[in-house]
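Protein sequences appear in the order of chains L and D.
Heads up, the first sequence is in the numbering used here, so the first residue is 777 and it goes up one at a time.
Heads up, the second sequence is in the numbering used here, so the first residue is 777 and it goes up one at a time.
Step one of this worksheet: look at the structure below.
Number of protein chains: 2
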Amino acid sequence: MSDLMARLLALVHSPAGAEPLAVMRLSMVDWLACGIAGADEPVARIVRDMVLEEGGAGQARLFGGGAAPMRVAALVNGAASHALDYDDTHFAHIGHPSVAILPAALAVAEHVGADVSALTSAALRGTEASVRVGLALGRGHYQVGFHQTGTAGAFGAALAAAILLDLDEARTAQALGLVSTRAAGLKSQFGTMGKPLNAGLAAAGGVEAALLAARGFVSNPGALEGQNGFLSTHRADGAPHQPEGWLMTGVSHKFHACCHGLHATLEALASLGPLDPAAVRAVRIETHPRWMTVCNQPEPATGLGAKFSYRTVTALALLGHDTAALDSYTDALACDPAVAALRDRVTVEAVDTVAETAARVTFDTAAGPLIAGFDLDTPLPLAERAQRIRRKAAALLGPDGAEAAWRAVEGGTVAEIAALLGPV
Amino acid sequence: MSDLMARLLALVHSPAGAEPLAVMRLSMVDWLACGIAGADEPVARIVRDMVLEEGGAGQARLFGGGAAPMRVAALVNGAASHALDYDDTHFAHIGHPSVAILPAALAVAEHVGADVSALTSAALRGTEASVRVGLALGRGHYQVGFHQTGTAGAFGAALAAAILLDLDEARTAQALGLVSTRAAGLKSQFGTMGKPLNAGLAAAGGVEAALLAARGFVSNPGALEGQNGFLSTHRADGAPHQPEGWLMTGVSHKFHACCHGLHATLEALASLGPLDPAAVRAVRIETHPRWMTVCNQPEPATGLGAKFSYRTVTALALLGHDTAALDSYTDALACDPAVAALRDRVTVEAVDTVAETAARVTFDTAAGPLIAGFDLDTPLPLAERAQRIRRKAAALLGPDGAEAAWRAVEGGTVAEIAALLGPV
């Protein structure tokens, strides 16, 4: 048995402390908010309409309404929950774990009648698996063009589904071996509906692999690490040794409705309190070089473009627009003269010594320079994280909707969680 | 527009002569025979059982019975028709085109009510697209561990489905851009049920991409060739220039029920007529080095292993076992003492100067050396090809079944073809 596969299988029975489970539940609330709010986005509607026309057993609910077979629900719910690009990120592998894992885990949990504790436990282990496969794949895999949400995510989705289907170790290994042959996703879909679909494909592929393994499908458990295996074909250059402990606790939740590469900058800005934009002569942002090709659109003319623009979000924040609100990213605001004028005073610089998760912002003001920095890797106390996620959910769903999501996850049932997605 | 994408799109309206269409129809008969004969293989049953439990609109028939939504039928029928590994191969990209393209094309044709001429035309263009994407991916892509049937096949399936859904050029380009993010398949599944599933995944992914594009899904048509695109992520090293004409006419049909890498050797043997095995002191097979890791199992103990063993199939052929018959590849025969004794007199040698599609066989006999060679690339006259495919179909389906398949393809309807797969 290869090292990584053994580690993934060992996750199934590894005891989890209270904190990783609590963070997983926070991610579930966060994911529900993103999926419910994203259910009417064009990508979600298109995929949902396709599968509703296909019909089939209503095994699991869909964001936006209706129900479908488990692997089909996983496809729709992955795409819907990633449609707003407002869901969580794990920077250990630069991927979005919840949108690949939770659609798979919830669909299976709903169909098999699992309780929330079993759902949380399986989702935690699936997320952990995706981050660990992502770590093994490394930065080279991402840099060459693979989208870890889709590739590493499929392994996590398969593991979560296998756990909820109660597969034994041999069949779980078969599911992971089988998903190796279809784990996929390209960064060249960024900026299109293909990006959220990658999450759905990972979730659906994971469920499918687990369902087939449950029926005795024979694959090759060496297909992840062996000769011609996924790590070798997909340009893995990650560390051969994996850190101990639960990496899940290091997941980052988004509190701004834009690319996660911009968040350290926005947190640094916020740490200074309100500034008078008229007093700002110039702003210099220092960031890790990796983000220059991801979210450094200099003068975007659309709201979608603004979500990938250091200069634009900095101008929005300084002008008092709420960067947590979806409607701050409109075409009109991206082209607003005040935003454009302030944006022209912002420069972005790639600095090797700035961490991938950090940013440093320097303001040139009449009163002298102001410097602020932030690193998203800074541990956020659990209570503060919970409070911010509740606030985000309330902004997306209204206070009643947020409260319902919170109650369903913290002490409710899987049926109550599923009912939040939409009517059957 | 990039070169390869432009070429794929141009296929849609390229006039096809009688020969490529005739070869495509032969591949349809061959594919039907393989799928009907393979419908009870374990991989086919497992995938079919899973989707029948899911239910859904009976848009398209399944090998072995039942019907399912188009993209689901494509999954089942791809796996079922590749289960016996007896379907066609195109050596320009070392992939099995029909098992990826025809499940997609037939499912859509059945649902939209196309006629056989439209089905054949779309399948031809899809096949051509898969071979051409495979040529661009090149030998390096295959050698590093990707299974072209799954990767290149998905593009062909998407194009065939897009044509039958009557998508305009822009939406066809969207379908091809979208399928880039999920075209997948690893050689590490060889020898397991994962290999035939790769064909089903390609077919299903192609149908799904075309259905989503038909609904207005926005992807990136540059995702095949552009930055971070499929060719760059998936290690393409093929020739930048594509040959003219229809490559479909170069497809190879299998007339032996084993790995295609062994067929040149078996054809060379057959060209000598019956030999007295007792008179054969030694046999030396010279083959291209590529096949040494594919089908050179020296002493397989199983029927499946025998299908990937130069030495074993040579012994079987010399002893008069019919290498075209499925039941010549049993565990018992692989372990038969007469087979083992003759096998021990066979040596296999990798020779760089032998073409990938060729083999040279030298017999050391009491009467002196006997030398025979064969190249699968040797054009087979259409009438002879048709005759051999009819004979193969009759061996797999019985004479009545073969005749029904032939009549349905040559002058029948798509409904008649679909009905051959099984009862609803």
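Cβ atoms here follow ideal geometry from the backbone N, Cα and C, with glycine treated the same way.
These numbers were taken from a predicted model, which means no experiment stands behind them.
What does the alpha-carbon distance come out to for the pair PRO1065/L and ALA1131/L? Along the first sequence, one-based indexing puts residue 1065/L at 289. Along the first sequence, one-based indexing puts residue 1131/L at 355. Computed Cα separation, rounded: 9 angstroms.
Would you check if the segment 930 to 942 of chain L and the segment 880 to 887 of chain L touch, i.e. whether three or more CB-CB distances between them fall below 8 angstroms? A contact between stretches requires three or more CB pairs, one per stretch, nearer than 8 angstroms, and the segment 880 to 887 of chain L meets this requirement with the segment 930 to 942 of chain L.
Does the beta carbon of THR1078/D sit closer than 8 angstroms to a beta carbon anywhere in chain L? The residue you call residue 1078/D lines up with position 302 of the second sequence. THR1078/D does not count as touching chain L.
Residues from the segment 991 to 1019 of chain L in contact with chain D, defined by Cβ distance under 9 angstroms: Those residues of the segment 991 to 1019 of chain L that come within reach of chain D (Cβ to Cβ, closer than 9 angstroms) are ARG991, GLY992, PHE993, VAL994, SER995, ASN996, GLY998, ALA999, LEU1000, GLY1002, GLN1003, ASN1004, GLY1005, PHE1006, SER1008, THR1009, HIS1010, ARG1011.
Excluding the 5 residues preceding and the 5 following GLY1081/D in the sequence, name in chain order all residues of the same chain whose CB lies nearer than 7 angstroms to its CB. Reading the second sequence from its first residue, position 305 is the one you call residue 1081/D. Taken in chain order, the residues that qualify are GLN1073, ALA1110.
Between the alpha carbons of LEU1094/D and ALA1058/D, how many angstroms are there, rounded? Position 318 of the second sequence holds residue 1094/D. Position 282 of the second sequence holds residue 1058/D. Rounded to the nearest whole angstrom, the C-alpha separation of LEU1094/D and ALA1058/D is 12 angstroms.
Closest Cβ-Cβ distance between PRO845/L and chain D: below 8 angstroms? Within the first sequence, residue 845/L is the residue found at index 69, counting from 1. PRO845/L counts as touching chain D.
I need the straight-line Cα distance from PRO972/D to SER956/D, nearest angstrom please. As a working note, residue 972/D is residue 196 in the second sequence. As a working note, residue 956/D is residue 180 in the second sequence. Cα to Cα, PRO972/D sits roughly 20 angstroms from SER956/D.
Leaving out five residues on either side along the sequence, give the residues of the same chain with a beta carbon under 6 angstroms from the beta carbon of ARG821/D. Working through the second sequence from its first residue, we reach residue 821/D at position 45. Same-chain partners within the cutoff: there are none.
Three-state class that DSSP yields for ALA880/L in the structure shown: The sequence position of residue 880/L within the first sequence is 104, counting from 1. The answer is helix: DSSP assigns ALA880/L an H, G or I state.
Would ALA999/D and PHE1006/D be called neighbours here (beta carbons separated by less than 8 angstroms)? On the second sequence, residue 999/D is found 223 positions in, with the first residue counted as 1. On the second sequence, residue 1006/D is found 230 positions in, with the first residue counted as 1. Yes. Within cutoff.
Quick check: the Cα distance between SER915/L and VAL819/D, rounded to an integer number of angstroms? Position 139 of the first sequence holds residue 915/L. Position 43 of the second sequence holds residue 819/D. Note that residue 915/L is Arg in the sequence shown here, rather than Ser. Their backbone Cα atoms lie some 36 angstroms apart in a straight line.
Would you mind telling me which residues of chain L sit closer than 9 angstroms to LEU954/D, beta carbon to beta carbon, in chain order? Within the second sequence, numbered from 1, the residue matching residue 954/D stands at position 178. Within 9 angstroms Cβ-Cβ: GLN965, THR968, MET969, GLY970, LEU973.
Short of 7 angstroms in beta carbon distance, which residues of its chain neighbour ASN974/L, apart from the five on each side in sequence? Order them along the chain. As a working mapping, residue 974/L is identified with position 198 in the first sequence. Answer for ASN974/L: HIS923, THR925, GLY926, GLY961, GLN965, listed in chain order.
Distance, Cα to Cα, THR1090/D vs LEU1048/D? For this step, residue 1090/D is matched to residue 314 along the second sequence. For this step, residue 1048/D is matched to residue 272 along the second sequence. Each residue's alpha carbon lies about 13 angstroms from the other.
Quick check: the segment 836 to 846 of chain D against the segment 890 to 900 of chain D, are there 3 or more CB pairs under 8 angstroms? Remark: fewer than three beta-carbon pairs, one from each stretch, lie closer than 8 angstroms, so the segment 836 to 846 of chain D and the segment 890 to 900 of chain D are not flagged as touching.
Quick one: what's got a C-beta closer than 6 angstroms to LYS1083/D's C-beta in the same chain, skipping five residues either side? Numbered from its first residue, the second sequence carries residue 1083/D at position 307. Listed in chain order, the non-local C-beta contacts of LYS1083/D below 6 angstroms within the same chain comprise CYS1034, CYS1035, TYR1105, local neighbours out to five positions each way being set aside.
Which of the three DSSP states, helix, strand or coil, is assigned to HIS869/L? By 1-based counting over the first sequence, the position of residue 869/L is 93. Coil at HIS869/L, not helix or strand.
PRO1155/D - DSSP class collapsed to helix/strand/coil: As a first step, residue 1155/D must be located in the second sequence, where it is residue number 379. Three-state result, PRO1155/D: coil.
Cα-Cα, which of ASN1004/D, ALA1191/D, ALA1195/D is closest to GLY1177/D? Locating residue 1177/D in the second sequence gives position 401, where the first residue counts as 1. Per the Cα distances, ALA1195/D.
List the residues of chain D that PHE922/L touches, going by C-beta distances under 8 angstroms, in chain order. In the first sequence, residue 922/L corresponds to position 146, counting from 1. PHE922/L reaches chain D at THR1009, counting residues in chain order whose Cβ is nearer than 8 angstroms.
Contact check, HIS1032/L vs LEU1038/L under 8 angstroms by CB: the rounded distance? The residue given as residue 1032/L occupies position 256 in the first sequence. The residue given as residue 1038/L occupies position 262 in the first sequence. Confirmed, about 7 angstroms.
Count the other CB atoms within 10 Å of the CB of ALA986/D; is the residue buried (16 or more) or exposed (fewer)? To locate residue 986/D, count along the second sequence from 1; it is residue 210. Buried is the call here.
If you measure from the beta carbon of VAL823/D to each beta carbon in chain L, is any gap under 8 angstroms? In the second sequence, the residue the question calls residue 823/D occupies position 47. It does: the Cβ of VAL823/D has a partner Cβ on chain L nearer than 8 angstroms.
Span of the alpha helix (DSSP H) holding ALA959/L? For the purposes of this step, residue 959/L is identified with residue 183 of the first sequence, where counting begins at 1. That residue, ALA959/L, is in no alpha helix (DSSP H); it is neither H nor E in DSSP.
I'd like the ranges of any alpha helix (DSSP H) spanning at least 4 consecutive residues and lying wholly in the segment 981 to 1008 of chain L. Whole alpha helix (DSSP H) segments, 4+ residues: zero.
Looking at the strands, I want to know which residues DSSP matches up with ASP1140/L. Reading the first sequence from its first residue, position 364 is the one you call residue 1140/L. Answer by DSSP bridge pairing, in chain order: ALA1058/L, PRO1145/L.
Determine the contact status of VAL1200/L and MET804/L, defining contact as a CB-CB distance below 8 angstroms. Position 424 of the first sequence, counted from the start, is the residue given in the question as residue 1200/L. Position 28 of the first sequence, counted from the start, is the residue given in the question as residue 804/L. Between VAL1200/L and MET804/L, the gap from beta carbon to beta carbon reaches 8 angstroms or more.
Give the range of the beta strand (DSSP E) segment to which VAL1124/D is assigned. Within the second sequence, the letter at position 348 stands for residue 1124/D. 1122 to 1126 is the span of the beta strand (DSSP E), which, as asked, contains VAL1124/D.
Residue-level contact to chain D via CB, ARG958/L, 8 angstroms cutoff: Sequence index remark: in the first sequence, residue 958/L carries index 182 (1-based). For ARG958/L, the closest Cβ of chain D is nearer than 8 angstroms.
Helix, strand or coil for SER1085/L per DSSP? What you label residue 1085/L is simply residue 309 of the first sequence in a count that begins at 1. Reduced to three states, the DSSP call for SER1085/L is strand.
Closest to ALA836/L by C-alpha separation, out of GLU830/L, ASN853/L, MET826/L, VAL823/L, would be which residue? Numbered from 1 along the first sequence, position 60 holds the residue referred to as residue 836/L. The alpha carbon of ALA836/L has as its nearest neighbour, out of GLU830/L, ASN853/L, MET826/L, VAL823/L, the alpha carbon of ASN853/L.
Using the DSSP secondary-structure output, state which residues sit across from ALA794/L in a beta bridge. Here the question's residue 794/L lines up with position 18 in the first sequence. Under the DSSP definition of a beta bridge, ALA794/L lacks any partner.
Please state whether DSSP places ARG1161/L in a helix, a strand or coil. Counting from one through the first sequence, the residue named residue 1161/L turns up at place 385. Reduced to three states, the DSSP call for ARG1161/L is helix.
Just confirm the distance between the C-beta atoms of GLU795/L and LEU1158/L, as a whole number of angstroms; I'd bet it's less than 8 angstroms. In the first sequence, counting from the first residue as 1, residue 795/L sits at position 19. In the first sequence, counting from the first residue as 1, residue 1158/L sits at position 382. The pair is a contact, with the Cβ atoms about 7 angstroms apart (cut-off 8 angstroms).
Quick one: which unbroken alpha helix (DSSP H) runs of 4-plus residues sit fully inside the segment 813 to 858 of chain L? Chain order, please. You should have 818 to 830, 846 to 858.
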